[in-house]
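Okay, so here's the structure we're looking at.
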Amino acid sequence: MIEIENKTDFITTFTIVDKDNIVIPYLEVDWVFQMYTTLNRRFEVRCKDGVLSDNAEIQGNDVVCYVDGFDFGYKGDLYSRSYVRFPHPKFADKHMDLSSTPEVVPNVKIV
10 MIEIENKTDF ITTFTIVDKD NIVIPYLEVD WVFQMYTTLN RRFEVRCKDG VLSDNAEIQG
70 NDVVCYVDGF DFGYKGDLYS RSYVRFPHPK FADKHMDLSS TPEVVPNVKI V
């Protein structure tokens, strides 16, 4: 079990894949990745219009995320969730908006 002290700095990596388990083209679609212990306080990494947030960088198939002293608010299980917007001509807004179900990050707790 990895215990991360709340409000401390840490680095983590994540990968966002589509339904076929293929890594999404990170800079070609809009996406948001969130980590939280409570829905009231969410740490976010995002890419909007090809611009990656300052707290992340892409390394191969992974996104490296720099968590700089974030206050998660509550101690306990760390959850993650992602949202992706794919271009799709059949929808009125020309995009298909998808989200993952919230998942507990295995073997990690905020203490």
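In terms of the numbering used here, the sequence shown opens at residue 10 and continues consecutively.
Ideal Cβ positions, reconstructed from N, Cα and C, are used throughout, including at glycine.
Quick caveat: nothing in here was measured; it's all calculated off a predicted structure.
(request) Provide the residue span of the beta strand (DSSP E) that contains tyrosine 83, from first to last. (result) No beta strand (DSSP E) contains tyrosine 83, which DSSP labels as neither H nor E.
(request) Taking asparagine 49 as the reference, give the member of Glu66, Thr110, Tyr88, Asp102 with the closest Cα. (result) Tyr88
(message) Would arginine 51 and serine 62 be called neighbours here (beta carbons separated by less than 8 Å)?
(response) no
(request) Give a yes or no on contact between the region 40-47 and the region 77-88, applying the rule of three or more CB pairs nearer than 8 Å. (result) yes
(message) Rounded to the nearest angstrom, what separates valine 93 and phenylalanine 42 at their Cα positions?
(response) 9 Å
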